[in-house]
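If you're matching them up, the sequences are chains A and B in order. Its first residue numbered 366, the first sequence is counted upward by one per residue in the numbering used here. Its first residue numbered 11, the second sequence is counted upward by one per residue in the numbering used here. Heads up, the beta-carbon is just placed ideally off N, CA and C, and yes, glycines get one too. Presented below is the structure to which this report refers.
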Amino acid sequence: MPLFEALLELADDHVVLGHRVSEWCGHAPMLEEDLAMPNMALDLIGTARTLYEYAGKVEGQGRGEDDLAYLRGEREYRNCLLVERRNGDFAQTMLRQLYFAAFMEPYWTAAADSADETIRGVAGKAVKEMAYHIRHAGEWVIRLGDGTGESARRMAEAVENLHLYTDELFEAGSAADVDVLPDRAALRPAWEATIDHIFGEAGLSRPVIPHPQTGGRNGVHGEDLGHMLAVMQSTHRAHPGATW
Amino acid sequence: MANEMPLWEVFIRPRNGLSHKHCGSIHAADEVMALQAARDVYTRRGEGNSIWVVLSSAITASDPDQAGENFEPGEKIYRHPTFYEIPEEVGNM
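This is the structure:
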């Protein structure tokens, strides 16, 4: 069922990154960011909920958003590796956000013309959110890259740590035969243009990666994802069906 | 970190046709970041459609010690426009 699998990939990307960003709640360097990051996390989790709900309907086995988010193990998760990377420092968190949003913004723009009504609905809302995430994370990348000696060093390290995970964004995955979702490979020029523009102002350069890391779409993840899911899923697993 | 960043006053306009109203302050490194912080802190629930930010240090405020001479006009009742009759045909003004 290619549409179900493709929706899961998309939903998993959003819930995993949403959870990662939410880990900053209460720990951000200043109150302003302590509100901005949960705002962004909730944007992502909101999108994930709609996508899981729809995936459950497409599958037709009676599984809902909670079943799909909380009762699948690490090997069943289909998110790309980029979104599961640990928060690291503020530079790494902001760069990860920029890399993802710079991909999703053109993705949802393209999805706004989808023949599928639910996809169009998600796209209409998400495209504005992703535009804001690009702006927010991008401004930080510029200021850290072009800031003090320490901030520039941390930003350059973040590029080194994360860039090798960006190629996976453009893999077709399960969406290869799904015509209601955008062609991911076709979004590369738009993504590169956004990154190059911001890197230009930040004094960073986009590295060439000879051996990109992939595997997330096949359920092959880094060890960090299991730890993250253990925390994220613990309440639901301890109290199945709990509501609040 | 917040100590290294200047303070900005935030003004939000709730709707077209109304004026911007002061709603609080935020820390940010520059005006672009200040607008973003203001958006994240003060417009999460659809509070407005326009934001102004201004450096707190750019505001000149009245001296509280001069409150008497500034704000207590005393018995100058002639400053209130209540000394003429409005003809009934005019209706509400």
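{"Asked": "Glu374 (chain A), buried or exposed, once every other Cβ within 10 Å from all chains shown has been counted against 16", "Found": "buried"}
{"Asked": "Proximity test, Cβ basis, 9 Å: His323 (chain A) and chain B", "Found": "Residue numbering for chain A in the displayed model covers 366 to 609; residue 323 (chain A) lies beyond these limits and cannot be assessed."}
{"Asked": "Strand pairing of Ile61 (chain B), partner residues [DSSP]", "Found": "B:Ile22"}
{"Asked": "3-residue-minimum beta strand (DSSP E) runs that sit fully inside the stretch 442-482 of chain A, ordered along the chain", "Found": "none"}
{"Asked": "Chain-order list of residues whose beta-carbon lies under 7 Å from that of Ala467 (chain A) (same chain, five-residue window excluded)", "Found": "Ile499, Trp556, Thr559 and Ile560"}
{"Asked": "7 Å Cβ shell around Arg519 (chain A) - same chain, five flanking residues per side excluded", "Found": "Asp454, Ala456 and Leu509"}
{"Asked": "Per-residue contacts from Arg23 (chain B) into chain A (C-beta, under 8 Å)", "Found": "Simply none; closest approach about 19 Å."}
{"Asked": "Separation of Asn102 (chain B) from Gly391 (chain A), as counted between CA atoms", "Found": "53 Å"}
{"Asked": "Pair within 9 Å by beta-carbon distance, Ala413 (chain A) and Glu388 (chain A)", "Found": "no"}
{"Asked": "Val51 (chain B): contacting residues in chain A (beta-carbon distance under 9 Å)", "Found": "Leu396, Glu397, Leu400 and Ala401"}
{"Asked": "Proximity below 9 Å, CB of Leu400 (chain A) to CB of Asp50 (chain B)", "Found": "yes"}
{"Asked": "Option nearest Thr531 (chain A) by Cα separation, candidates A:Asp378, A:Gly538, A:Cys445 and A:Pro403", "Found": "A:Cys445"}
{"Asked": "Whole-Å CB distance - Cys33 (chain B) paired with Val42 (chain B), under 8 Å assumed", "Found": "Their Cβ separation, rounded to whole angstroms, is 19 Å, which puts Cys33 (chain B) and Val42 (chain B) out of contact at 8 Å."}
{"Asked": "Expected contact under 8 Å - CB spacing of Phe535 (chain A) and Ala523 (chain A) to nearest Å", "Found": "In fact, because the Cβ distance is near 20 Å, the residues do not count as touching under 8 Å."}
{"Asked": "Any C-beta of chain B under 9 Å from that of Arg500 (chain A)", "Found": "yes"}
{"Asked": "Any C-beta of chain B under 9 Å from that of Arg518 (chain A)", "Found": "no"}
{"Asked": "Under 8 Å (Cβ pairs) to chain A, residues found in the stretch 26-39 of chain B", "Found": "Ile36, His37, Ala38 and Ala39"}
{"Asked": "Contact with chain D by Glu504 (chain A), beta-carbon distance below 9 Å", "Found": "As a matter of chain content, chain D is missing from the structure shown, whose protein chains are A and B."}
{"Asked": "Pick from A:His601, A:Gly512 and A:Asn583 that is closest to Arg443 (chain A), judged by C-alpha positions", "Found": "A:Asn583"}
{"Asked": "Own chain residues within Cβ distance below 7 Å of Pro343 (chain A), not counting five before or after", "Found": "The displayed coordinates of chain A run from 366 to 609. Any statement about residue 343 (chain A) would go beyond what the structure contains."}
{"Asked": "Under 9 Å between C-beta atoms of Phe564 (chain A) and Arg553 (chain A)", "Found": "no"}
{"Asked": "Identity of the residue in A:Ser599, A:Asp589, A:Ala521 and A:Glu441 nearest Ala567 (chain A) by Cα", "Found": "A:Ala521"}
{"Asked": "9 Å Cβ cutoff, Gln76 (chain B) in contact with chain A", "Found": "no"}
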